[in-house]
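One structure is given here, and the rest of the page talks about it.
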Amino acid sequence: MADPILYGPGYSTYTRSARLALEEKGVGYQHVEVDFLQGMPEDQRARQPFGKVPAFEHDGFRLYETCAIERYVDEAFEGPALQPVEPRRRARMTQIISVLDSYTYGPTVGQLVIQRLVAPLMGGTPDEAAIEAALPAVRNCMGTLEQLLGDQAFLAGERLSLADLHLAPIFAYFTATPDSVPILDDKPGLHRWWEGIKVRESMAKTEPKLG
Ligand SMILES: N[C@@H](CCC(=O)N[C@@H](CS)C(=O)NCC(=O)O)C(=O)O
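Sequential numbering from 9 applies to the sequence shown in the working numbering.
And the structure:
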């Protein structure tokens with residue numbers, strides 16, 4: 009079988025989550041860069057009808073939606089399991105991924121990170137009103153994640169899971185903003201979690217090149 013192909017830019021958090029699953033699993037893959045800063049390329053729109061990244065292909069099997077890609081990678085290839093088997097832990101993993109997709113990515117990356125980090129890189133200035141508007145939702149998400157993590161090593165229990173790989177790229181950008189400091193100040197669990205996650209080899213191999 010041919011190696012799978014992942015289409016998406018190295019700077020995209022969702023693309024990085026899918027790459028983290030491939031790296032943690034030890035799967036050989038081809039990463040095709042897709043830059044969307046000047047608009048989503050037509051060939052990517054053909055792969056992903058909602059005009060998003062990433063997209064994935066394995067021996068003619070085409071897939072989009074990051075969570076589906078991550079699960080396929082975990083289930084179709086040999087390597088360490090990235091999903092708990094125990095029903096409650098598995099449900100917790102699914103819940104956290106949904107929380108990240110539904111409530112966390114938008115305010116944290118779509119608003120805070122885009123304004124605070126990306127706007128200056130593109131020659132603009134951050135929209136402070138947009139940042140202020142996003143911060144309550146960011147605080148709520150981080151507080152919820154801190155509570156769900158508790159004193160466990162990883163978000164869904166004592167082993168790394170797709171929930172951790174879904175959050176890690178968001179967290180990497182979030183912690184690069186000064187706004188994260190007061191929000192994380194009273195969240196020792198997330199600090200401890202991040203100290204363990206950010207030094208993983210998969211994180212080094214997928215580090216985005218910005219600027
Ligand atoms: N539901 C999609 C979301 C993917 C997504 O939002 N990707 C962002 C980059 S991290 C994107 O494509 N942004 C481009 C745009 O919205 O124009 C998934 O799970 O793959």
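Virtual Cβ for every residue (Gly too), placed ideally from N, Cα, C.
Here the structure is a predicted model, which means the values were calculated and not measured.
Exercise. In terms of alpha-carbon separation, which member of F64, G36, I104 lies closest to E86?
Worked result: G36
Exercise. Looking at the structure shown, is A161 part of a helix, part of a strand, or coil, going by DSSP?
Worked result: coil
Problem set entry | For L198, the three-state DSSP class (helix, strand or coil) | helix
Exercise. Should S25 and H174 be called a contact, given that it needs their Cβ atoms to be closer than 8 Å?
Worked result: yes
For this session: Can you give me the Cβ contacts of A127 inside the same chain, cut-off strictly under 6 Å, excluding the 5 residues immediately before and after it?
Result: P134
Problem set entry | G132: CB within 7 Å of a non-hydrogen atom of ligand 1 | no
For this session: Would you identify the three-state DSSP class for Q56, choosing helix, strand or coil?
Result: coil
Problem set entry | Endpoints, the alpha helix (DSSP H) within which V189 is located | 188 to 192
For this session: Answer yes or no: the CB of D109 versus the heavy atoms of ligand 1, is any distance below 7 Å?
Result: yes
For this session: Could you spell out the range, first to last residue, of the alpha helix (DSSP H) harbouring A89?
Result: No alpha helix (DSSP H) contains A89, which DSSP labels as neither H nor E.
For this session: Compare the C-alpha of G18 against each of E32, M9, Q38 and name the closest.
Result: Q38
Exercise. Under the criterion of a Cβ to heavy atom distance below 7 Å, does K213 qualify as lining ligand 1?
Worked result: no
For this session: Measure the alpha-carbon distance for L45 versus Q91 and round it to whole angstroms.
Result: 33 Å
Exercise. When the Cα atoms are used, what is the spatial distance from T214 to A141?
Worked result: 30 Å
Problem set entry | Whole-number beta carbon distance between R53 and R70, since they are thought to touch under 8 Å | Going by Cβ atoms, the distance from R70 to R53 rounds to 13 Å, so no, they are not a contact pair.
Problem set entry | Three-state secondary structure assigned by DSSP to Y15 | strand
Exercise. Just checking, does the stretch 140 to 158 make contact with the stretch 202 to 216 on the three C-beta pairs under 8 Å criterion?
Worked result: no
Problem set entry | Bridge partner(s) assigned by DSSP for Y22 | DSSP lists no partner for Y22.
For this session: On the DSSP bridge assignment, give the partners of R70 in chain order.
Result: E65
For this session: Report the three-state DSSP secondary structure of V40 (helix, strand or coil).
Result: strand
Exercise. Is DSSP giving D135 helix, strand or coil here?
Worked result: coil
For this session: Check whether the Cβ of Q123 sits closer than 7 Å to any heavy atom of ligand 3, and report yes or no.
Result: Absence of ligand 3 is noted for the structure shown, with ligand 1 being the only ligands found.
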